[in-house]
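Chemist: Position 83 of the sequence shown, counted from 1, bears residue number 90 in our numbering, the numbering being contiguous throughout.
Ideal placement from N, C-alpha and C gives every residue a C-beta, glycine not left out.
The model shown is predicted, which means the values in this text are computed figures rather than measured ones.
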Amino acid sequence: MGKWNLTLCALWLGAGATTTTATAAMINVAGVAPASLVITEYFANPIGISDAAGEYFEIFNTTTDTIDLAGLIVRDDGSNAFTVEMLTVAPLSFAVFSSSDGTSLGLVPDYVYGSAMTLTNGADEIGLYRPDDALINKVAYSDGDQFGAGIAHELVGLGPTGPVLTFGPALGSDFMAATATLPLGNFGSPGMPGSTVVSVPSIPVPASVWMFGSALSILGWVRRRARGTIAPRRMGPRRTGNVRYGRGRATGEPDGNADTKGRFGDSVADFAGVHQPDRRHCRDRNWLI
Ligand SMILES: [Ca+2]
Ligand SMILES: [Ca+2]
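#1: Cutting at 6 Å between CB atoms, please list the residues of its own chain near residue 268, excluding the five before and the five after it.
#2: Between residue 146 and residue 161, what straight-line distance do the alpha-carbon atoms span, to the nearest angstrom?
#3: With distances taken between CB atoms, is the gap from residue 196 to residue 187 smaller than 7 Å?
#4: Residue 76 by DSSP, collapsed to three states: which one?
#5: Which whole-angstrom value is the C-beta distance of residue 149 and residue 130, which I expect to be below 8 Å?
#6: Just to check my reading of the structure: residue 55 and residue 144 have Cβ atoms closer than 8 Å, yes? What is that Cβ distance to the nearest angstrom?
#7: Suppose contacts are defined by Cβ-Cβ distances below 7 Å. Is residue 37 in contact with residue 78 by that definition?
#8: Name the DSSP beta bridge partners of residue 95, please?
#9: Candidates 80, 34, 67 and 204: which alpha carbon is nearest residue 124's?
#10: Return the CA-CA distance between residue 45 and residue 95, expressed in angstroms with no decimal places.
#11: Suppose only complete runs of 3+ residues qualify. What are the beta strand (DSSP E) ranges in the segment 123–192, listed by chain order?
#12: Determine the burial state of residue 155: buried for a count of at least 16 other Cβ atoms within 10 Å of its Cβ, exposed for fewer.
#13: From residue 31 to residue 40, what distance separates their C-alpha atoms?
#14: Tell me which same chain residues have a C-beta within less than 6 Å of the C-beta of residue 199, skipping the five on either side of it?
#15: Beta carbon of residue 52: closer than 6 Å to some heavy atom of ligand 1?
#16: Which residue marks the beginning of the beta strand (DSSP E) containing residue 102, and which one marks its end?
#17: Could you give the first and the last residue of the continuous beta strand (DSSP E) run that contains residue 88?
#18: Going by beta carbon distance, what residues of the same chain come within less than 7 Å of residue 103, once the five residues before and after it are set aside?
Have a look at this one:
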């Protein structure tokens, strides 16, 4: 087992080293390019609950890096504004910002901004800005429930680089009505694509993941082999019942052994009196030795 342990340790160390180099980088929002973050959904007018308990908007990280959002400024063109204190969003992943803890709609927001911002049911804006006030992405709409109360607005499509600037349905055709159901008769897909077509490149599985999986497979095989649950490879025919041995049939064991099936592990003596194979023959068939 020492050799196997050494081999597995080498694989593990190799996998770890590869993981370090293959892991996506962490970048701060202060250095992101426009459209690195895109607003993919907003919900301004929930039904069955107060606006304060149900408003939310969703963003998507279009890059292959994790983005540290600390310092991200979110504001409209009026006086609503807040700055994100601590949040990261994984590559090619969504993050949900909500005015509440999301309990009423059964969602778990990534960030709660409270009363710092409201999504007006009429005209309003949601803008994402870097700490230096450079625009990352912005939605400006003139009708907060263009598709009816209780229906969130979902971005129609998200391309490889994301839109430079996205507008609400009243100012363009970028958004459509959400169809996924939420509690209390609402519709939306917070934290999920919903009907939004996401066609950004996927992240390939790092080679380290494959290597680690292979190492685990090898380890499992070695452990099963050591426990004897994996039999040595047999060169002869598979035996599942009474064994045909030579021209006879092992139906009894004159030496008194109870096993009459001729299973793997039986000794040659089990067949004493029934048939007397020479050991070379047994070794060639790899059955009894
Ligand atoms: Ca509202
Ligand atoms: Ca969504």
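Modeler: Per the coordinate set shown:
#1: Any answer about residue 268 is weak, because its pLDDT of 38 lies below 50 and its placement is not dependable; what the coordinates show is given next. Cβ contact annotation for residue 268 (same chain, cutoff 6 Å, sequence separation greater than five): none.
#2: Looking at the two C-alpha atoms, the distance is approximately 12 Å.
#3: Residue 187 sits close to residue 196, with the two beta carbons spaced by under 7 Å.
#4: In the structure shown, residue 76 adopts coil according to DSSP, grouped into three states.
#5: With a beta-carbon spacing of about 4 Å, residue 149 and residue 130 fall inside the 8 Å limit used to define contacts.
#6: The beta-carbon distance between residue 55 and residue 144, rounded to whole angstroms, is 30 Å. This is too long to meet the 8 Å contact definition.
#7: It is a contact, given that the beta carbons lie within the stated cut-off.
#8: Beta-bridge pairing links residue 95 to 75.
#9: When each option's Cα is compared against that of residue 124, the closest is 80.
#10: C-alpha separation (whole angstroms): 15 Å.
#11: For the segment 123–192, whole beta strand (DSSP E) runs of length 3 or above, ordered along the chain, are 131–136, 142–148, 160–162 and 182–184.
#12: Burial state of residue 155 is exposed, judged by a 10 Å Cβ sphere holding fewer than 16 other Cβ atoms.
#13: Distance between the alpha carbons of residue 31 and residue 40: 17 Å.
#14: So the list is empty, once near-sequence residues are dropped.
#15: Residue 52 Cβ: within cutoff of ligand 1.
#16: Unbroken beta strand (DSSP E) run through residue 102: 101–105.
#17: DSSP places residue 88 in the uninterrupted beta strand (DSSP E) bounded by 88–90.
#18: Counting only Cβ-Cβ distances below 7 Å, and skipping sequence neighbours, we find 63, 65, 114, 116, 117, 197 and 198.
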